[in-house]
Each structure stands twice: as structure tokens, then as C-alpha cells.
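Structure first, then comments.
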Amino acid sequence: MRCPHPRGPLSTMVRGSLLRHAELDLDAFTRRADAVPRAHVLRDGDVQLALWTLYELHFRGFEDVSADLEWDPLLLGARGVLECLLERDLRRRTVERVQGALDADGPVAERIFDMVAADDGPRLAAYLHREATAAQVVEFLRERTVFHLKESDPQSLVLARLEGRAKTALAELLYDEFGGGRPERLHASMFADSLVGAGLESSYGAYLDEVSGTTLAVNNAMSLFALHRRLRGAAMGHFAAFEATSSVPSRKIAAGIRRVGLPEVVAAYFDEHVEADAVHEQLAVRTICATMVEEAPGLEADVFLGVATCLLLDGLAGGELLERWRASGSSDGPVEQVAS
Ligand SMILES: [Fe+2]
Ligand SMILES: [Fe+2]
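Sequential numbering from 45 applies to the sequence shown in this note's numbering.
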């Protein structure tokens, strides 16, 4: 993958520095970042692409960027500026859900499941199941490339930060995500096969230039939580909510893929997640998150922050897609009213 095309001043400065066109001016970068309206941070394509690009240095990097820049102090400084914006906004928007979970009675695992059950976000999977056109299903797959082509990579960084039962459970979960010893069963590879079946590009980073700022924010939140040891509770809370909101929607999405007549291979990735994530949610919620809080009660609030962040961002990204389809006139009726 090559360094992505910029979407505004912040991503232009990051790209210029990565391609060694100009040294990053951290003061100017900070001033620019501070000028971004708070309400726009999560959907601002410039902010989110700049941060995604800086994070990618810690994953697979870019063929036109020197690997030495991964630990460049100025770039790390710029990353920190954007992380502050993102974390502040996520905490602000999730404060009520997190406080509600902290105030509730019962075991941590049940409170996580209650947060997921209480979520009334947009019914994207239900729409894909019953109403989406083939073109909309393909658009959904394209938007998801950013996440699924590096599926579980951020969470794998957390493994070294855990111990005991939580570590064993995360290792077991990741073993599945990474194919159970079979490269062709890597979930990222299965998703790449789905893309090819749908006539799409399957290379890592495909469609990065086209996806929304919110889609990038979904992925940046995972990297933010995974790359900071202090946020390991949020990383696992997010993972738990992700797994706990995957099994039933995956069944609906697979049915929608078949309804619009896309090839079987496109549905196979989602079929795999119907059963796998029904198991994974139990491991992530009951073993990983509950054990972490049992052993370190100070992590409780951040576990709930991770859960709330996953629900918030998935809701925003799903709502944005539904809104886009409604605005284009290609969806019928009040799409957010579709029952799950
Ligand atoms: Fe998976
Ligand atoms: Fe999973």
C-alpha cells in the first residue's frame, strides 16, 4: 500500500513528512488540530485519515515510506495531538452510557450484555438483510475493507499486556480470528475472498481513499485503545462489544448477500461469524473483560468506555450509510425503522 492521498491540511502535513517532502511543523500541526470543531472530530476525514496514516506505521506501513519513521518523535507528537482529540470526544460522547453501567448492579459481564442489549442504533444489518440493493451490499463491503482486511490485528497487540485467564482467553479467540493454523481461514483472508467474489479489489488498503471519516474513526478507536497499555481495559471492552454485536447481524448480512444474488463465497465470511462470534462473545465478555476487572477493579470504567465506544461508532458508521442511501433515493422508506 502507498501513502494515502490527503483530505485536508492535517493529512497533507502528515503525508509531506512521511514522504520526506518537509519536516513536520508540530506547532502548526497542533494549531490546525485545535481548530477542528469538537462536534466534527469523528467524521472529519482529514483528522481521521491523518491519524489512520500515523497508526499504520505500527502495522504494515507503506511501500513509499521509510520504516524508520515508525518511532519518529515529531510524528509521534502529531499522533498524540490527534489521539487527544479522539479520546476526548469518545469520552465525552460515551459518558452517560459508561456512568449508567458503573451505577448498575450485577456482574461486569451482565452489565456489558445489558449495554449491548440497550443499544438502539441504526438497523444496518436488518436493512442489508431485507431491502438493500446489490450495489448497496457491495458499497457496504467496500466501506468495511478498512476493518476486515486487518481484522483483529489491533487486538493482537494487547495480548502481551494481559496475564493469566484473560491472556489465555484472548489467545484462544485470536487463534480463531487468525485462521486456527490455516492461512486460508484467516478472517482477513476470508473477507478478501468475499471482496473478489463481489468484484471488488482485495488488496490491503483497497478503498482507503473512498471510505468515510467515520469509518476511519471506527478503526482509529481500536488502534488508540490497543496501542496504549493504560487503555487495555477499553481495548478489551471494545472487542467484547464488537463480538457481542456480530453473530446475529452476520446471519442477516449473509442472507442479504444471497437475496441479492451475489456468489456464495461473498456470504462465506459472514457465515463463519455466525457461530464463531457466538463463542467469541462469551470468551471476550465473560472471561477476558470480567477477569480483567476482577483482577484490577480500576479497569472497570475503561472496559465500559470500550463497550460504549464500539456501540457509538458502529451506530454512527451504520447510520451514515443508511442516510447516504436514503439521500440518494435508492432506499425505500424509513430505513432506520426496519426491525432487527
Ligand atoms: Fe472474525
Ligand atoms: Fe470474532
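Built from N, CA and C at the ideal position, the CB exists for glycine as well.
Check: Are leucine 360 and leucine 129 touching if we call contact CB-CB under 9 Å?
Finding: To locate residue 360, count along the sequence shown from 1; it is residue 316. To locate residue 129, count along the sequence shown from 1; it is residue 85. No, these two residues do not count as a Cβ contact at 9 Å.
Item checked: Proximal residues to phenylalanine 191 (C-beta, below 7 Å), its chain only, five neighbours per side dropped -> As a first step, residue 191 must be located in the sequence shown, where it is residue number 147. Excluding residues within five positions, the ones whose Cβ falls inside 7 Å are Val262 and Asn263.
Note to self: Is it buried or exposed, glutamate 127, if we count other Cβ atoms within 10 angstroms and call 16 or more buried?
What the structure shows: The residue you call residue 127 lines up with position 83 of the sequence shown. Sixteen is the threshold: when 16 or more other Cβ atoms of the shown chains lie within 10 Å of the Cβ of glutamate 127, as they do, the residue is buried.
Item checked: Within 9 Å, strictly: CB atoms of glycine 249 and proline 48 -> Here residue 249 is taken as the residue at index 205 of the sequence shown, counted from 1. Here residue 48 is taken as the residue at index 4 of the sequence shown, counted from 1. Between glycine 249 and proline 48, the CB-CB gap stays under 9 Å.
Next item on the list: Under the assumption that leucine 68 contacts leucine 118 (Cβ atoms under 8 Å), give the Cβ distance between them as a whole number of angstroms.
Entry: Taking the first residue of the sequence shown as 1, we reach residue 68 at position 24. Taking the first residue of the sequence shown as 1, we reach residue 118 at position 74. Rounded, the Cβ-Cβ distance is 5 Å, consistent with contact.
Next item on the list: Let me know the alpha helix (DSSP H) ranges lying completely inside the stretch 237-269, each 4 residues or longer, listed in chain order.
Entry: Runs of alpha helix (DSSP H) with 4 or more residues, each lying fully within the stretch 237-269, are absent.
Item checked: Sequence-ordered residues whose beta carbon comes within less than 6 Å of a heavy atom of ligand 1 -> Those residues whose C-beta sits under 6 Å from the nearest heavy atom of ligand 1 are, from N- to C-terminal order along the chain, Glu195, Glu221, His231 and His317.
Checklist line | Whole-angstrom distance between histidine 84 and aspartate 90, CA atom to CA atom | finding: Counting from one through the sequence shown, the residue named residue 90 turns up at place 46. Counting from one through the sequence shown, the residue named residue 84 turns up at place 40. Annotation: aspartate 90 to histidine 84 spans about 10 Å, alpha carbon to alpha carbon.
Margin query: Suppose you measure from the CA of valine 347 to the CA of phenylalanine 106; what does that come to, to the nearest Å?
Written below: For the purposes of this step, residue 347 is taken as the residue at position 303 of the sequence shown. For the purposes of this step, residue 106 is taken as the residue at position 62 of the sequence shown. Each residue's Cα considered, the two are about 32 Å apart.
Next item on the list: Say whether the stretch 269-283 touches the stretch 292-308, bearing in mind that this needs 3 or more beta-carbon pairs closer than 8 Å, one atom from each stretch.
Entry: With the cut-off at 8 Å, the stretch 269-283 and the stretch 292-308 do not touch.
Notebook entry, point to check: Leaving out the 5 sequence neighbours to the left and right, which residues in its chain are closer than 6 Å to glutamine 381 when beta-carbon positions are compared?
Noted result: The residue you call residue 381 lines up with position 337 of the sequence shown. A caution first: glutamine 381 carries a pLDDT of 33, below 50, which makes its placement in the model unreliable, though a value can still be read off. Residues of the same chain with their beta carbon placed closer than 6 Å to that of glutamine 381 are lacking, with the five preceding and five following residues left out of the count.
Margin query: Assuming contact is defined by CB atoms lying nearer than 9 Å, are leucine 93 and serine 55 in contact in what I supplied?
Written below: If you number the sequence shown from 1, residue 93 lands on position 49. If you number the sequence shown from 1, residue 55 lands on position 11. The criterion of a C-beta distance shorter than 9 Å is satisfied by leucine 93 and serine 55.
Item checked: Pairwise C-alpha distance: leucine 239 and proline 227 -> Residue numbering aside, residue 227 sits at position 183 when the sequence shown is read from its first letter. Residue numbering aside, residue 239 sits at position 195 when the sequence shown is read from its first letter. In this structure, the CA atom of proline 227 is about 17 Å from the CA atom of leucine 239.
Notebook entry, point to check: Of the choices Arg370, Ala320, Gly300 and Gly243, whose alpha-carbon is the least far from that of alanine 169?
Noted result: Translated into the one-based positions of the sequence shown, residue 169 becomes position 125. Considering only alpha carbons, the answer is Gly300.
Next item on the list: May I have the straight-line CA-CA distance separating aspartate 108 from leucine 63, to the nearest angstrom?
Entry: Counted from its first residue, the sequence shown places residue 108 at position 64. Counted from its first residue, the sequence shown places residue 63 at position 19. Straight through space, the alpha carbons of leucine 63 and aspartate 108 are spaced by roughly 7 Å.
Next item on the list: Pull up the distance between the alpha-carbon of glutamate 207 and that of arginine 167, whole angstroms please.
Entry: Within the sequence shown, numbered from 1, the residue matching residue 207 stands at position 163. Within the sequence shown, numbered from 1, the residue matching residue 167 stands at position 123. Answer to the nearest angstrom: the Cα atoms are 37 Å apart.
Check: Can you give the Cα-Cα distance for aspartate 71 and glycine 52, rounded to whole angstroms?
Finding: On the sequence shown, residue 71 is found 27 positions in, with the first residue counted as 1. On the sequence shown, residue 52 is found 8 positions in, with the first residue counted as 1. Cα to Cα, the separation comes out at about 17 Å.
Checklist line | Closest by C-alpha distance to arginine 202, when choosing among Leu365, Leu218, Glu140 and Arg188 | finding: Stepping through the sequence shown from its first residue, residue 202 is reached at position 158. The residue you asked about is not arginine; residue 202 is valine in the sequence shown. The option with the nearest alpha carbon to valine 202 is Leu218.
Notebook entry, point to check: Taking just the CA atoms, how far does glutamate 154 sit from methionine 45?
Noted result: Numbered from its first residue, the sequence shown carries residue 45 at position 1. Numbered from its first residue, the sequence shown carries residue 154 at position 110. When rounded, the separation of the alpha-carbon atoms in methionine 45 and glutamate 154 is 42 Å.
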